[in-house]
Ligand SMILES: CC(C)(COP(=O)(O)OP(=O)(O)OC[C@H]1O[C@@H](n2cnc3c(N)ncnc32)[C@H](O)[C@@H]1OP(=O)(O)O)[C@@H](O)C(=O)NCCC(=O)NCCS
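In my numbering, the protein residues as written are 36 to 165.
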């Protein structure tokens with residue numbers, strides 16, 4: 036398993052990963068033009084997961100793994116890399132829209148519910164950075 040940083044361009048993000056927020060449309064364009072830096076995880080040259088954030092707002096816009104790579108610490112690693120990058124960029128608070136199935140994961144990693152629901156019906160969770 037290999038984690039690559041930086042901006043791989045939108046071509047890599049047309050394939051589906053875990054079926055949640057598919058990074059096409061405007062999201063794909065923002066990844067492609069560098070507005071959303073992030074990391075991808077590859078196994079044997081195949082993309083297994085990715086995490087991208089909005090360097091303007093501090094939103095984690097997508098975090099997803101192919102189902103067969105879940106439960107191995109990869110989601111935590113990808114999200115942790117993004118959090119650290121944004122911390123170093125000066126953010127004191129990050130946020131993300133969290134579907135019900137990933138609530139436990141996010142809570143476990145210290146993200147706090149805000150009670151706000153986004154356009155997709157996901158609750159906004161935030162993370163205060165020291
Ligand atoms: C959510 C997702 C990214 C988690 O990635 P993952 O690689 O399976 O999770 P990890 O193995 O890194 O888990 C990290 C920690 O969270 C814990 N965890 C995972 N799911 C949990 C849950 N539902 N409830 C409580 N803790 C959970 C793990 O036990 C682990 O704990 P540890 O570090 O103390 O050992 C992944 O399941 C996924 O892609 N889901 C579909 C897409 C999605 O929902 N994305 C939105 C994310 S905001």
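Glycine residues also receive a C-beta, built at the ideal position from the N, C-alpha and C atoms.
Reduced DSSP secondary structure (H/G/I, E/B, other) of residue i
| i | result |
| --- | --- |
| residue 117 | helix |
| residue 127 | coil |
| residue 87 | strand |
| residue 99 | strand |
| residue 73 | strand |
| residue 163 | strand |
| residue 156 | coil |
| residue 132 | strand |
| residue 110 | helix |
| residue 139 | helix |
Local Cβ density within 10 Å of residue i, reported as buried at 16 or more and exposed below that
| i | result |
| --- | --- |
| residue 117 | buried |
| residue 132 | buried |
| residue 75 | buried |
| residue 152 | exposed |
Cβ shell of residue i (< 6 Å), same chain only, five flanking positions each side left out
| i | result |
| --- | --- |
| residue 40 | 74 |
Cβ-Cβ separation, residue j to residue i (assumed contact under 8 Å), whole Å
| i | j | result |
| --- | --- | --- |
| residue 71 | residue 90 | 7 Å |
| residue 98 | residue 110 | 6 Å |
| residue 112 | residue 38 | 7 Å |
7 Å Cβ shell around residue i - same chain, five flanking residues per side excluded
| i | result |
| --- | --- |
| residue 155 | 132 |
| query | Would you say the stretch 71-86 touches the stretch 108-116, given that touching needs at least three Cβ pairs under 8 Å? | reply | yes
| Do the stretch 147-163 and the stretch 121-137 touch if we need at least three Cβ pairs shorter than 8 Å? | yes
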